[in-house]
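Working notes, beginning with the structure itself.
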Amino acid sequence: MRKIMDRKIADNAQRAQALDPARSFIVQAPAGSGKTGLLIQRILTLLACVEEPEEIIAITFTRKAASEIRERIMSALNEACNSGEPEQEYHRLTWLLAKNVISRNKKCAWGLLENPGRLRIQTIDSLCSMLSRQMPLLSGFGSTPPVTEDADELYKEAARNTIAILESDTHWSESIEHLAGHLDNRLEYLQSLICNMLSKRDQWLRHVADPAHPAIDRVNLESALGSLVEDRLLDLSARWPKELNEQISSLMVFAQDNLVTACIEGEFVSASFTGFPGDKLEDLKSWRFIADFLLTGEGALRKKVDKRQGFPPASAGRTADEKKLFPQMKEDMVKLLACLGSFPDAIECLHTIRVLPCPEYSEDEWQTMQALFEILRLSAAQLEMVFYEKDSVDFTAISLAATRALGEPENPTDLAMALDYKINHLLIDEFQDTSMSQFELIRQLTSGWTGDDHRTLFIVGDPMQSIYRFREAEVGLFLEAWNEGIGDITLIPVQLKVNFRSQAGIIEWVNSSFRKILPARDDLESGAVRYVDSMARHDAIEGNACTVYPCFIKDEEQEARKILLIIQQTKKTSPDGTIAILVRGRSHLSSIINSLIKAKLKYRAVEIEGLSHRPVIQDLLSLVKAMIQLSDRIAWLAVLRAPWCGLKLSDLYALCSLDREKNVLELVVDSSHQATISQDGQSRLQRVCGVLQASINSSQRQGLRQWVEGAWLSLGGPACLSDETDIEDAEVFFQLLEKINSLSQSKVLYELQKSVNRLFALPDIHADENLQVMTIHKSKGLEFDTVILPGLGNKTAGNDSHLIKWFERPRKPDASDLLMAPIRKTGEDINQKYKLLEDFEKKKEFYESGRLLYVAATRARRRLHIFGHVQCNIRDGVLQPGKPRSGSLLASLWPAVQDIYDNEFESCKDRYLTDGGEPDRKQTGSGNRISRLAPDWRLPDAPCSYEYMGAGNEQPGESLDFDWAGDTARFIGIVAHEIIQYISNENISSYDTDLEDYFSRLAGKSLSCLGVPASELGQSVVKVIDSVRNTMKDTRGRWILNPVHREARNEYALTGRSGSGVEHIIIDRTFVDENNIRWIIDYKTGSHSGTGKEVFMDREMERYRGQLENYAMIMSKIDKRDIKLGLYFPMLQGWREWEYKK
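Per the numbering used here, residue 10 is the first one in the sequence shown, and the count goes up by one each step.
Right, dumping it as structure tokens:
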């Protein structure tokens, strides 16, 4: 390995070129090519050239990525200060660049090491938020409202309000009425479609917001459709083998005459062929006839023809000449079809023109389009009103506000001009994930930049890893920037080649396979991205780098057993190696997870198992439903089937089948009904019956959480849990109950189910990271020694319908044609325009599936294992393997693995036949055995009673005297605490004047609400902001708030036994540091204006020692780590710490 690392890096020249601080670049960095490292070196290079660090902005798409880049930059700077020059080439260059920054930092007195917040590395969402805060009037917000990550309810309310206007007798009513009729008056369906459109409004609002926008003029829309049709015909005409035209025409006339003779009617029969069609709009119909003549419905060349296509058998001839002619013409047709097989591109083009629509809208279509434009504008306005009423917005609103705040490129706002002065270097990571609205924002930020004004744009990404179309990422934007630059900025393309992650065997397999999987050339319109080979930095290792496991039947249990064997063998040969099971959809994992559990293998599941799928949560949901709705028989049966009761199915049937009128609780408490079930069932019912009845009777006396949790505890719920992870999941559920406690019972179940469906079960707290299960999307940016890809033959769910389909078709640099089509009318067979745009989407999805496979395969460092099934079929009496299901990942992988499947099938095909000689199509899944408590289980004895000391008791013994602190001082502390907590929760690492202005407004509102007099408000806000600013600029303060700490909590509430009673405590900040030490920190926001600050802080430490040690004593009951205690004084930037002695 040492020799490998000392070898010259093959693409070093390209990497060095990308560090030129005077030029702008776009870098394609394939998987494992050290993209982040290059980005960091570029930032270090620029830092050594600028006057202020704030001249550089680096944009990422996740907080995790932003945090990683900042940490690596600071680590490089610290190493440059404290370590000698490294030997390895990359690290040596990074060290030298960091040395230059240290010199610049010292010369310019930046204080970068003490204040890393001056590094402006942020997510694009935080950049948009910052822009909207700076120009509150232009952005349309005033003060920026809170951003919600789940705006579904806001969309629904806006959609409901839109539809409600139907009865208002306004000019909008006609549009809503027309669209409702278009959808057969299914108003709930219309509401869901409007919600879906509102979530994507950043894509269509810029087109329809202005009724006079030329893009939505009928003439322009029809012209765009006409241009598409003509371009397709031009493409077909250019690829078509014209030397065959005469023969095709002759055969078509022959077939047409025979169909007329046979009295078969149809458009083809009545068509008139006066010559071979060309490339004009009027030729479209003739080309369709040719397509129907030559191709099957699926687009393949016909393999044979008969009388149905106009080629009757010889026996059908009425004369000797016809009997001779018919087989000859049929033979000529077969030869023609064989010859056309040499022109696959032309055949694909021919099939494509079959779905091309008429370029003109019908009157009904256009009326629907106009109604849609009206409704979309109206729903967007209704959403703005909902945002205002709820004081909450989504991320799209922030992005749109940022765009408004910057103005148009031709008419920039003051903010745009100010930023133009401040920002000299813009770097963008993962550019292939950029959406249209984000691309427009970048274009506005760099509007007016030229190649010779000492300002640079640096874009890095990999279009082969563009896999986020569901988040509106548009890979064509990367291709456009690569070819055309952005605005007036010419970007120098740089292609990286070397892979530092995977062994050579993996790289060789990826190169050979993905040349076949990904398209041969880039195409902006379809989102096609060609494959670019990588070069391995690491030598190959012995054994197969990639192993494919063909299967010809869907057998999930068999697949799970094979995967389990691979994991066990890998762990045996490489105990410290990392293994990842990566899937496209979470539903593909059921059998695999069950097999891991049965084998007692601990695994870390990253947002894999939905909380609603965990048995403990399913049982708790049933309990809530049953307690709230006594008539819900299914919920009550689930409660009686749950482990705390565990009735058998036969007992449930006997209990409920004889009386369908009464609710289940009435049956349960009825002794005559109890007598109909088994003795075991009666024993179980007797134990739970009283608990359920008592819980129902106490429904109005407690909060929702206390009510449900009390019933669950009394039933023995905790005794049914298998491990500590189940306990954590149950706690998450109870916290949800607390959040929705104020809702009416009619809304509780809906909100609870929705919230549970959005959450994921917590990872196993005892599992390490050596075995992980996650989706392919979650794995992006990670790497593992062994990667397993199961279930590639499975198909994922289809896409939802949209009220309107739209597509921006690139035509020339900085220009595009807008294509639009309305949703299919209820009862209409097909809308050709809508289907055309759907086909565009499907093609993009197919290409993205290939890229998703690339991301999955390139996570592997040493070994890759691939599983996928196809079904068998009998064709012409012979059992043959089928093709992968359309839409599956195996369908994308097929060009690279088909030979492997064919060879495997020949060696084992007999095992896939049933006794009757039919293909075996069994599908297996995992079964579950009932788990339940023993019939005589009883609650354990309660612990000894404790004297309740009250929530206000902070520590045993002597209470703290706070008489010296007035109300205003106390309120200042409260608000400062809240803002510091917000900073920690949001992982805010940079502090600037914009953020300070925002916090000032927030502090003013909060202090005013708490009752601080107007005469004291201004000075109080100053003290709050001083406290926050000091914290953010202080090394110790930033360390306390650092998001990298493990198990970090703010305002952490605990209840525990203290002395002779029970005590409630709230810890300001607690976390576990890199040395595995638990810290408990209390903020003290008071100030000390005199001398002797050290004495003051020593005295405060003694004052609060007992309180913090009491916190530590309670914490030590649940955490056995060593504990340290700290007091932090934001106003003084002071610190006191000591070790807790257990």
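Don't be surprised by glycine CBs; every beta carbon is placed ideally from N, CA and C.
- Message: Does S825 come out as helix, strand or coil in the three-state DSSP assignment?
- Response: strand
- Query: Does the beta-carbon of Q474 have 16 or more other beta-carbons within 10 angstroms, so that it is buried, or is it exposed?
  - Reply: buried
- Query: Can you name the start and end residues of the beta strand (DSSP E) that P904 belongs to?
  - Reply: Premise fails: P904 lies in the alpha helix (DSSP H), L898 to C917, not in any beta strand (DSSP E).
- Message: Contact between the region 252-264 and the region 299-307 is defined here as three or more beta-carbon pairs at a separation below 8 angstroms; is this criterion met?
- Response: yes
- Item | Cα-Cα separation, E792 to L780 | 12 angstroms
- Compute every distance between the C-beta of T305 and the non-hydrogen atoms of the ligand ATP, then say whether any falls below 7 angstroms. Of the ligands one can find in the structure shown there are none, so the ligand ATP has no counterpart to examine.
- Task: Can you check the region 635-721 for any alpha helix (DSSP H) of at least 4 residues that lies completely inside it and give the ranges in chain order?
- Result: 642-650, 658-665, 673-678, 680-683 and 688-706
- Helix, strand or coil at H786 [DSSP, three-state]: helix
- Message: Can you tell me where the alpha helix (DSSP H) holding I299 begins and where it ends?
- Response: L293 to L303
- Item | Span of the beta strand (DSSP E), counted from its first residue to its last, around W1147 | G1143 to E1148
- Message: Between K44, L632, E737 and Q376, which has its C-alpha nearest T69's C-alpha?
- Response: K44
- Query: If we count Cβ pairs, one from each stretch, closer than 8 angstroms, do we get three or more for the region 829-837 versus the region 190-203?
  - Reply: yes
- Less than 8 angstroms between the CB atoms is what I'm expecting for S138 and I407, so what's the real figure, rounded? 5 angstroms
- Query: Under three-state DSSP, which class holds I18?
  - Reply: coil
- With a threshold of 16 other CB atoms inside 10 Å of the CB of A89, please say whether the residue is buried or exposed. buried
- Per the contact definition of three or more C-beta pairs closer than 8 angstroms, is the region 231-240 in contact with the region 334-344? no
- Message: Classify H682: buried if its beta carbon has 16 or more other beta carbons within 10 angstroms, exposed otherwise.
- Response: buried
- Message: Tell me the rounded alpha-carbon separation between H100 and G1027.
- Response: 51 angstroms
- Item | Segment limits, beta strand (DSSP E) that includes N508 | V507 to Q512
- Tell me whether N882 sits in a helix, a strand or coil according to DSSP, three-state version. strand
- Task: Please specify which runs of the beta strand (DSSP E), each continuous and at least 3 residues long, are wholly inside the region 541-584, giving them in chain order.
- Result: 544-547 and 555-560
- Query: Would DSSP call W458 helix, strand or coil?
  - Reply: coil
- Query: Pick from E760, R767, A589 and N114: whose alpha carbon is nearest that of H786?
  - Reply: A589
- Message: Taking only three categories from DSSP, how would you classify K1133?
- Response: strand
- Message: Here's the rule: buried if 16 or more other CB atoms are within 10 angstroms of the residue's CB, otherwise exposed. What is A614?
- Response: buried
- Message: Quick check on Q453: does DSSP put it in helix, strand or coil?
- Response: helix
- Message: Give me, in chain order, the residues of the same chain whose beta-carbon lies closer than 7 angstroms to that of R113; leave out the 5 immediate sequence neighbours on both sides.
- Response: L56 and A57
- Taking the continuous alpha helix (DSSP H) assigned at Q744, which residues delimit it? E733 to K748
- Message: Could you tell me the alpha carbon to alpha carbon distance between D1107 and R1145, rounded to whole angstroms?
- Response: 8 angstroms
- Item | Assumed close pair A325, P336 - CB separation to whole angstroms, cut-off 8 angstroms | Not really, about 11 angstroms apart at Cβ, beyond 8 angstroms.
- Item | Host alpha helix (DSSP H) of T377 (start-end) | E372 to K399
- Inspect the beta-carbon positions of V401 and P154 and report whether they are closer than 8 angstroms. What sits at residue 401 in the sequence shown is Ser, not Val. A contact, by the Cβ cut-off of 8 angstroms.
- Item | Candidates L28, I65 and K209: closest to D809 by CA position | K209
- Runs of beta strand (DSSP E) lying entirely within the region 1014-1067, each at least 3 residues, in chain order: 1055-1067
- Return the chain-ordered list of same chain residues with a C-beta closer than 6 angstroms to the C-beta of W1147, the five sequence neighbours on each side being excluded. L1134
- Message: I'd like to know whether the C-beta atoms of A218 and V395 end up nearer to each other than 8 angstroms.
- Response: no
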